[in-house]
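Going by my numbering, the sequence shown opens with residue 9, and the numbers climb by one from there. Ideal placement from N, C-alpha and C gives every residue a C-beta, glycine not left out. Here's the structure, in C-alpha cells; my notes come after.
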Amino acid sequence: MTTLKVTETFALSPQAAWDRASDLHRFEQWLTIHDGWRSELPDTVEQGLRMTSVISVRGMRNRVDWTLEEYRPIERIGLRGEGKSGTKVAMTLTIAPAGDGSAITMDVDFSNPMARGPIGSAIGRSLKGDIKRSMAKLAALPPD
9 MTTLKVTETF ALSPQAAWDR ASDLHRFEQW LTIHDGWRSE LPDTVEQGLR MTSVISVRGM
69 RNRVDWTLEE YRPIERIGLR GEGKSGTKVA MTLTIAPAGD GSAITMDVDF SNPMARGPIG
129 SAIGRSLKGD IKRSMAKLAA LPPD
C-alpha cells in the first residue's frame with residue numbers, strides 16, 4: 009500500500025479553493041491521475057454519491073467505482089474507490105485557512121496486490137509527483 013500526505017499553501021481563499029476542488033465536472037482540469045468519468049455526474053454533490061471513473065498511475069489505467077464518503081463544504085471532500093484486480097484508492101482533500109490563502113492537503117491511500125516491493129515504491133514516488141502537480145494545477149485553475 010502507498011500512503012501519501014501532501015500539503016501545499018496557495019494564495020486562494022478557502023472558498024475559492026473549495027469551489028475548484030469540489031466541482032467533480034472539473035476534476036479532469038486539475039487532477040492528473042483522473043482520466044475521465046465513466047458515469048453521469050449529478051448537478052448536486054452530496055455524501056453517499058456513487059460514480060465511476062478511470063484513473064491512471066504510471067501509465068496503468070484502472071476503472072474505479074467511487075463513493076463520496078465525506079463532504080463538508082469549504083473544508084473536506086473524501087472519496088473511496090475500488091477498481092479492477094483488487095485496486096483500492098482513498099483520496100481526501102482538506103482545505104484550511106493559512107494567512108491570506110489556504111493550505112490544501114491531499115491524503116491518498118493506494119493499494120493493489122500486484123504493486124508490492126520495488127514496484128510499489130515506484131508507484132508511490134510517481135503518485136506523489138502526480139499529487140503535487142495536481143495541487144499546483146488546482147491552484148492555477150481559473151474560477152468557473
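In the DSSP assignment, Ala-24 falls within the alpha helix (DSSP H) that extends over 22-29. Where Glu-83 is concerned, there is no enclosing beta strand (DSSP E), because DSSP gives it neither an H nor an E. With distances taken between CA atoms, Asp-27 lies nearest to Tyr-79 out of Glu-16, Tyr-79, Leu-57. Note: Ala-111 is bridge-paired with Thr-17, Ala-104 in the DSSP secondary-structure output. With at least 16 other beta carbons inside 10 angstroms of its own, Asp-138 counts as buried. The Cβ-Cβ distance between Gly-109 and Ala-19 falls below 7 Å. DSSP, reduced to helix, strand and coil, places Gly-67 outside both helices and strands of the structure shown, so it counts as coil.
A distance below 8 Å between beta-carbons, with the five flanking residues on each side excluded, links Gln-37 to the following residues of its chain, in chain order: Lys-145, Leu-149. As computed with DSSP, Met-99 is found in a beta bridge with Leu-87, Val-116. Contact annotation, Ile-85 with Pro-22: C-beta distance approximately 13 Å; criterion of less than 8 Å not satisfied.
Taking C-beta separations shorter than 6 Å and ignoring five residues to either side along the sequence, the partners of Trp-74 in its chain run Met-59, Leu-87, Gly-89, following chain order. Taking the Cβ atoms as the reference, Arg-46 lies roughly 6 Å from Arg-71, within the contact range of under 8 Å. The alpha-carbon of Phe-118 is positioned some 12 Å away from that of Ser-64. The alpha-carbon separation between Thr-113 and Glu-16 amounts to approximately 7 Å.
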